[in-house]
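These notes concern the structure reproduced below.
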Amino acid sequence: MVPELGHILLIITFSIAAMQCVYWLYNLKHATSDVILFLQKGSLINFLFIFLSFVILTFSFITSDFSLLIVSNNSHTLKPLIYKISGVWGNHEGSLLLWVLILSAFTFFVSFNTAINSRLLASIIGVQTLILSLFLAFILFTSNPFERVDVLPLDGRGLNPLLQDPGLALHPPMLYIGYVGLSVSFSFAVAALITGEINKDWARQMRPWITVAWCALTIGIALGSWWAYYELGWGGWWFWDPVENASFMPWLISTALIHCVRILEKKLIFINWTILLSILAFSFSLLGTFIVRSGLLTSVHAFASDPSRGVFILIILGISIGVPLILYTIKSSSFNEDKSSFDIVSKESAILINNLFLTTATLTVLIGTLYPLFLDAINGNKVSIGPAYYNATFAPIMAPVVLLMAIAPFLSWKKNIDKNFTKKIMFLSIVTFLGGILLHLMEEKSVFALMCGSLSIWLFTGVITDLISKIREAKVKFQNINQFFFFISKINLGIHVAHIGVAIFLAGVTGEQFYKSEYNERKKVGDIISIGTKSLKFDKIENIDGPNYNSLMATFTLYENNKFVSKLRPEKRFYPNEKSQTTEAAILSSFWGDTYLVLGEGDNETGWSLRIYNNPLVSWIWGGACFMAVGGILSIIQNSSRFRNV
Amino acid sequence: MNPKYRRLFITVIIVLTLGLATKLILMALEDNIVYFYTPNDLLEKFGNTQNIKNKIRIGGLVLESSVKKERDKTVFMITDRKKEVKVVFDGSLPDLFREGQGIVAEGIFKNSNFFASEVLAKHDENYMPPEVADALKKNNVWKGESN
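Chains as they are written, first to last, in the working numbering: chain A, 2 to 647; chain B, 476 to 622.
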């Protein structure tokens with residue numbers, strides 16, 4: 002009976018949400034405090050009920066209640082507890098429930114953001130609730146997670162072993178917080194279009210929500226890439242797979258949005274552009290969710306789909322993207338912008354160019370992702386577009402963004418007042434030039450390696466230079482924690498940390514892309530393989546039983562300059578329940594790089610095939626992403642009203 | 476810069492950037508697209524010309540008892556149950572590579588042999604690459620349920 006309760010809770014929530022929408026539209030012209038209160042209470046109830054329903058589903062997974070269809074299809078009694086829980090969102094229905102849970106949580110939190118004026122707030126909650134009811138309808142009519150099976154199976158079919166991984170347990174929730182978080186700025190934008198009210202405060206209230214979503218998206222994408230790196234056993238971290246692109250596009254757009262909304266906070270220009278970006282960011286999130294889930298694009302992420310879902314998805318996409326865009330074309334000309342001017346050399350210009358290039362870069366990714374589908378539909382040609390395309394389009398468009406990122410923070414609003422501006426640029430150029438020469442002398446690689454490495458040095462120097470000059474200007478003494486926050490707010494530490502993150506990321510990319518080395522060997526037990534200054538001794542190979550798999554595990558000893566470093570244990574695992582095999586690479590991570598060892602097929606007679614990678618600086622890729630996210634969190638703290646006006 | 480000139484300035488850079496981006500995209504699309512063929516299509520289209528410069532993908536089933544290991548190389552036939560193409564591959568094979576399994580290989584077609592630089596097979600026994608499934612359906616040899 003308990004699962005039925007979960008289902009009933011969803012039905013009740015759907016009714017309440019639908020009622021709220023009607024109530025909101027009816028009271029569109031007069032948003033009194035009563036209306037707000039009603040919407041707030043509704044959001045609270047929606048959140049609680051969906052949460053309860055989610056708990057019930059999770060409980061069914063933990064207790065292996067195989068009378069539920071999705072539990073029997075995606076779980077197994079022998080699975081470790083954490084993967085029973087992550088199995089909740091390892092399937093279509095459960096992941097949608099997680100989606101609406103996060104949406105209802107965001108709606109609930111934003112509904113108590115009473116600093117927003119009441120007409121706007123009512124519409125923001127209204128739009129959020131409208132999206133919520135659309136998705137609840139989608140769940141109830143096509144993807145009920147609480148559906149029962151006709152015949153009770155003895156045991157479940159298990160979860161795809163590739164997905165049984167701690168990194169991946171967290172990847173979907175983080176990504177979803179990012180995707181769904183962008184619904185808030187979307188609602189801000191639609192609410193502004195509906196009410197016609199937009200001011201600097203609108204931008205100020207909206208920014209932390211975008212930043213939260215952006216941070217979660219950054220971490221979510223980084224987790225996914227990290228998982229691909231250590232679990233797939235190909236040694237790569239980004240494959241320009243359509244599914245990766247689907248999460249990357251909202252990230253690019255929301256990055257543009259974070260920057261653009263800062264202009265609007267200062268003065269009322271680029272209103273239309275900001276609104277358009279907000280709508281686009283969430284549209285890309287929706288597209289991302291569905292591109293992945295629809296099975297339109299094939300990958301481990303795609304869950305089987307049926308046509309009725311496809312139609313429903315199109316309707317939801319049509320309403321949530323089409324209607325706001327129509328509203329936009331009608332209303333966007335009616336906003337009054339400030340008549341102020343700014344110089345070409347100013348922060349406004351820099352952010353404008355940043356936005357232009359980021360959206361253009363998104364366009365190249367979008368075309369690369371959709372072109373194969375387009376060609377298939379037109380003439381049935383099956384094509385795939387790989388990294389080569391993106392290296393030729395995305396990379397050259399992003400390079401100017403990084404160039405600008407280093408020097409834009411020197412600039413002031415409206416016009417340049419920094420007397421040392423040219424001096425600073427000279428300094429950056431000299432440091433980058435010297436760094437480039439050093440890089441070239443260390444190990445001669447392609448011109449692209451040199452460009453990528455130099456960009457990292459350029460950005461790194463730029464951020465540090467700016468940080469030092471901001472600290473000098475700030476002249477704040479701090480004895481307690483509050484003053485410390487005033488200080489970081491004054492020097493805008495969040496920006497520096499996030500930008501340093503990009504520099505670290507680029508250094509990682511340079512190392513991994515251009516300086517890595519790969520070795521393919523066939524070796525027997527007892528053999529020694531030498532790779533540069535390191536050597537690997539093949540100790541033994543044996544069969545070992547795991548909780549729900551059998552493993553063939555090899556043991557190697559890694560020496561560097563003939564000194565013992567560590568044991569490495571690559572595995573091949575066989576999961577009998579799921580009848581599938583996975584490769585577990587052995588990875589020794591260090592600050593300066595990874596040793597990555599994969600066990601291939603073979604036998605004791607002819608030897609085992611082995612793949613070994615030396616990946617310099619590879620962990621900086623994810624380290625850089627962490628810095629970006631921390632920078633985002635810092636910027637939320639430093640822009641909270643407590644610390645802003647000092 | 477007053478709003479009038481600002482508009483001009485913005486329009487100019489937008490046009491320039493988009494123009495540049497379009498150029499880049501068109502160039503990249505021309506050079507870097509990887510076409511997919513089944514063995515039958517491949518032989519029909521390029522069987523006589525022998526060589527194709529660009530990388531292509533070929534998909535089908537690994538022909539039963541055709542897999543041979545020659546030192547570091549693996550040689551096997553890939554089939555759509557109509558025609559076969561010989562594939563030569565010198566990398567390490569994916570976990571689920573076995574005879575009768577649907578796979579996709581990427582590489583170069585030269586002298587009627589396919590020299591693969593990459594062999595992709597998904598990590599699930601029941602999984603069939605959709606391109607392969609389509610091709611098999613076309614030849615009426617598809618047995619599984621649709622995915």
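All residues carry an ideal CB built from backbone N, CA and C; glycine is no exception.
Tell me, please, which residues DSSP counts as bridged to residue i.
i: A:Asp546; result: A:Asn551
i: B:Glu581; result: B:Arg532, B:Glu593
i: A:Gln639; result: Answer is none; A:Gln639 lacks a bridge partner.
i: A:Asn92; result: A:Asn92 pairs with nothing; no bridge assigned.
i: B:Val537; result: B:Ile553
i: A:Leu537; result: A:Ile530, A:Leu559
i: A:Thr583; result: A:Arg574
i: A:Tyr614; result: A:Glu519, A:Tyr597
i: A:Ser385; result: B:Val509
i: B:Val560; result: B:Ile553
i: B:Asn588; result: B:Lys561, B:Lys585
Among the options, whose alpha-carbon lies nearest the alpha-carbon of residue i?
i: A:Phe375; options: B:Arg481, B:Lys530, B:Leu504; result: B:Leu504
i: B:Val607; options: B:Arg482, B:Ile533, B:Ala496, B:Phe584; result: B:Ile533
i: A:Ser188; options: A:Arg158, A:Leu104, A:Ile264, A:Met250; result: A:Leu104
i: A:Asn616; options: A:Val566, A:Phe628, A:Gln639, A:Ser591; result: A:Ser591
i: A:Phe343; options: A:Glu474, A:Trp274, A:Ala351; result: A:Ala351
i: A:Leu269; options: A:Val324, A:Leu315, A:Asp339; result: A:Asp339
i: A:Ser413; options: A:Glu445, A:Val346, A:Asp604, A:Val619; result: A:Val346
i: A:Leu429; options: A:Leu277, A:Met399, A:Asp467, A:Gln639; result: A:Asp467
i: A:Asp377; options: B:Met502, B:Thr492, B:Ile508, B:Ala591; result: B:Ile508
i: A:Lys415; options: A:Ala193, A:Leu218, A:Ser144, A:Arg263; result: A:Arg263
i: A:Gly625; options: A:Ile220, A:Thr361, A:Leu589; result: A:Ile220
i: B:Ser540; options: B:Leu493, B:Arg573, B:Ile489, B:Ser587; result: B:Arg573
i: A:Phe139; options: A:Gly509, A:Leu318, A:Ile408, A:Asn417; result: A:Leu318
i: A:Ile545; options: A:Asn481, A:Glu572, A:Leu133, A:Leu233; result: A:Glu572
i: A:Pro173; options: A:Glu245, A:Ser144, A:Ser134, A:Phe107; result: A:Glu245
i: A:Glu561; options: A:Thr596, A:Ile37, A:Phe628; result: A:Thr596
Within 6 Å: the Cβ of residue i and any heavy atom of the ligand MG?
i: A:Ile103; result: You won't find the ligand MG in this model; it holds no ligand whatsoever.
Mind checking which residues open and close the alpha helix (DSSP H) that includes residue i?
i: A:Ala587; result: Note, A:Ala587: premise wrong, no alpha helix (DSSP H); beta strand (DSSP E) at 587 to 591.
i: B:Asn515; result: 514 to 521
i: A:Pro388; result: 388 to 408
i: A:Asp377; result: 348 to 380
i: A:Phe461; result: 448 to 475
i: A:Ile505; result: 494 to 515
i: A:Pro173; result: 167 to 196
i: A:Asn75; result: 70 to 75
i: A:Gly323; result: First-last for A:Gly323: undefined, no H or E at that position.
i: A:Lys201; result: 201 to 232
i: A:Val150; result: From DSSP, A:Val150 is part of no alpha helix (DSSP H); its letter is neither H nor E.
i: A:Pro4; result: 3 to 27
i: A:Phe142; result: 119 to 143
In the DSSP assignment, find the beta strand (DSSP E) that holds residue i and state where it starts and stops.
i: A:Lys524; result: 518 to 524
i: B:Lys548; result: 548 to 554
i: A:Val599; result: 594 to 604
i: A:Ser567; result: 564 to 569
i: A:Trp241; result: Careful: A:Trp241 lies outside any beta strand (DSSP E) and carries neither H nor E.
i: A:Val56; result: It is not in any beta strand (DSSP E) - A:Val56 instead sits in the alpha helix (DSSP H) that spans 34 to 63.
Could you name the residues of the stretch 510 to 534 of chain A whose beta carbon sits closer than 8 Å to any beta carbon of chain B, in the order they occur along the chain? Asn521, Arg523
Using a Cβ-Cβ cutoff of 7 Å, what residues of the stretch 376 to 407 of chain A are near chain B? List them in chain order. Asn382, Lys383, Val384, Ser385, Ile386, Gly387, Ala389, Tyr390, Ala393, Thr394, Pro397, Ile398
Members of the stretch 588 to 620 of chain A near chain B, C-beta cut-off 7 Å: Gly601, Glu602, Ser610, Arg612
Could you run through the stretch 536 to 549 of chain A and flag, in chain order, every residue whose CB is less than 7 Å away from some CB of chain B? none
Do the stretch 550 to 558 of chain A and the stretch 624 to 641 of chain A meet, that is, are 3 or more Cβ pairs less than 8 Å apart? no
Using a Cβ-Cβ cutoff of 9 Å, what residues of the stretch 536 to 561 of chain B are near chain A? List them in chain order. Lys544, Arg546, Asp547
Is the stretch 602 to 613 of chain A close to the stretch 178 to 186 of chain A, with three or more CB pairs under 8 Å? no
Listed in chain order, which residues of the stretch 14 to 33 of chain A have Cβ atoms closer than 9 Å to some Cβ of chain B? none
Listed in chain order, which residues of the stretch 446 to 467 of chain A have Cβ atoms closer than 8 Å to some Cβ of chain B? none
With three or more C-beta pairs closer than 8 Å as the rule, is the stretch 483 to 503 of chain B touching the stretch 382 to 402 of chain A? yes
Can you confirm whether the stretch 485 to 493 of chain B touches the stretch 525 to 540 of chain A when touching is taken to mean that 3 or more C-beta pairs between the two stretches lie within less than 8 Å? no
Contact set between the stretch 551 to 576 of chain A and chain B, restricted to residues whose Cβ is under 8 Å from the partner: Lys573
Can at least three beta-carbon pairs, one atom from the stretch 53 to 71 of chain A and one from the stretch 128 to 135 of chain A, be found at a separation below 8 Å? no
Decide yes or no for the touch test of the stretch 83 to 93 of chain A against the stretch 155 to 174 of chain A: beta carbon pairs closer than 8 Å, at least 3 of them. yes
Chain-ordered residues of the stretch 64 to 86 of chain A with a beta carbon less than 7 Å from chain B: none
State whether the stretch 489 to 496 of chain A contacts the stretch 573 to 587 of chain A, with contact taken as three or more CB pairs (one from each stretch) at a distance under 8 Å. no
Are the stretch 70 to 77 of chain A and the stretch 20 to 33 of chain A touching, with three or more C-beta to C-beta distances below 8 Å? no
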